[in-house]
Amino acid sequence: MATPRRDTRGIVDAADFLARVRFRRPEAAPALRPHVEHYWLIDWDLTEPYVSHVVPHPAVHLVFQRFEGQEPFVEIAGVQQGLFTQKLEGRGRVCGVKFRPGGFRPFAPEHPVSHWTGRRVHLTGTDPTPILDPADDGARVAALDAHLLAARVPRPDPQADLAMSLVDRIRTDRAIRRVADLASDEGLSVRLLQRLFAAYVGVGPKWVILRYRIHEALERAQAEEAVDWASVAADLGYADQAHLVRDFTATVGVPPAAYARHRTP
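The following block contains the structure:
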């Protein structure tokens, strides 16, 4: 099982984001870790509005939210295929559960995960205040653990385990560049692999491969002062730099070189 990430992968202009909000990623209870990658806690107290942007992961989130001037609420956020944008102002708090890609289905087996893709569904009948009210992070984490464990203890599901392991492999193995090669390595047909991802991840394997490429390119742009984009494109398995530029621009909204110039001190 992959360990939780400690980087800022996916967060656009991460340094600016972290300068404006308190962002933490504590672990879930041991019994939940096979399915939950981590929790994420955000608090803010802003004198002027701020808009955050995230290139989403192929993950489903359960999110408890309190925005100034609104009643607190809970929602299931399926995999978001475009750039996720959220305006923050005044004071607020969010406590989220990030399920491992492939790990949400055992908690909601009545639908394929593709049912939730691109959707943000408010949950009625769920009181968010026991999770949002505590001032202490430990108490919020304990409340999240209790909520998930009370809702459903997932039964063993070999298909969920397979989906999670395949996404972990895509995320960590840069040699995986084509869906057909992954399917062949795993002894599956491309069709069966696509069905597995629709049922348990919510998006296709090609989308996952491309998304992790963009995450890596975004991380390079934020970490390196001078980026050789032709080399990055080759490292990520693109046929040429132009294809990387096209995918990066379509996802983030600006070409990678322009983004890197904006990020360079």
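Throughout, my numbering is defined as the position within the sequence shown, counted from one, plus 33. Just so it is clear, CB atoms sit at the ideal spot from N, CA and C, and this is done for glycine as well. Everything numeric in this text was worked out from a predicted model, so none of it was measured.
- In summary, K131 is buried, with 16 or more beta-carbon neighbours lying within 10 Å of its beta-carbon over all protein chains present.
- Runs of the beta strand (DSSP E) lying entirely within the segment 147–182 and spanning at least 3 residues, in chain order: 153–155.
- A distance below 6 Å between beta-carbons, with the five flanking residues on each side excluded, links E252 to the following residues of its chain, in chain order: R42.
- For D49, the three-state secondary structure derived from DSSP is helix.
- Cβ-Cβ distances below 7 Å link R99 to P105, G125, R126 and L165 in the same chain, with the five nearest sequence neighbours on each side left out; the list follows chain order.
- Close CB contacts of P167 within its chain, under the 8 Å cut and outside five residues either way in sequence, are with R173 and A176 (chain order).
- Where Q98 is concerned, the enclosing beta strand (DSSP E) starts and stops at H94 to F100.
- The beta carbons of G129 and Y72 sit closer together than 8 Å.
- Here I247 carries a helix assignment [DSSP, helix/strand/coil].
- Under DSSP, G111 forms no beta bridge with any residue.
- Taking 8 Å as the upper bound for CB-CB distance, Q119 and P89 are not in contact here, some 11 Å apart.
- In the DSSP assignment, H71 falls within the unbroken beta strand (DSSP E) covering V69 to D78.
- In the structure shown, the three-state DSSP call for F137 is coil.
- Comparing alpha carbon positions, the residue from A183, I242 and P288 closest to D214 is I242.
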